[in-house]
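Trainee:
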Amino acid sequence: SPIFSPQTSPFPPGQRLVLVACGPFTPSDGVAFEPLSDLLGVVARERPDVCILFGPFLDAKHEQVESCQLLGSFSDVFQLCLRTVIEGTR
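For the sequence shown, position 2 matches number 2 in the UniProt record's numbering, and the numbering has no gaps at all.
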């Protein structure tokens, strides 16, 4: 079977800057997403063409998770994380 080869690239020629990071994006002693904020500072400074984030965004073994001290559900925490990313990349 033939291998797909696009005739023209949707991107202009040249190098691409791809930033890849993996979580967790919270410190072990809190859920304030400081490491994520630091990463977003790098994104703002370097302006990559693509930024790929892998989880976990909050570790399931995090002290506050295991002791049931989160102020919301995992979904709520993830929504906060997404809002942080969106606001930090505007």
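Glycine included, every Cβ here is placed at the ideal spot set by N, Cα and C. Predicted model, so just to flag it, every value in this text is computed and none were measured.
1. Tell me, to the nearest whole angstrom, how far the beta carbon of Cys51 is from that of Leu80; I am working on the premise that it is less than 8 Å.
2. Just list the residues that DSSP pairs Val18 with in beta bridges.
3. Within its chain, find whatever has a CB closer than 6 Å to the CB of Leu39; leave out the 5 residues flanking it on each side and keep chain order.
4. Which residue comes first and which comes last in the alpha helix (DSSP H) that contains Phe78?
5. Grouping DSSP H, G and I as helix and E and B as strand, with all else coil, what is Leu70?
Mentor: In short:
1. Actually they are not in contact, since the Cβ atoms of Cys51 and Leu80 sit about 18 Å apart, beyond 8 Å.
2. Val50
3. Ala21
4. Phe74 to Gly88
5. coil
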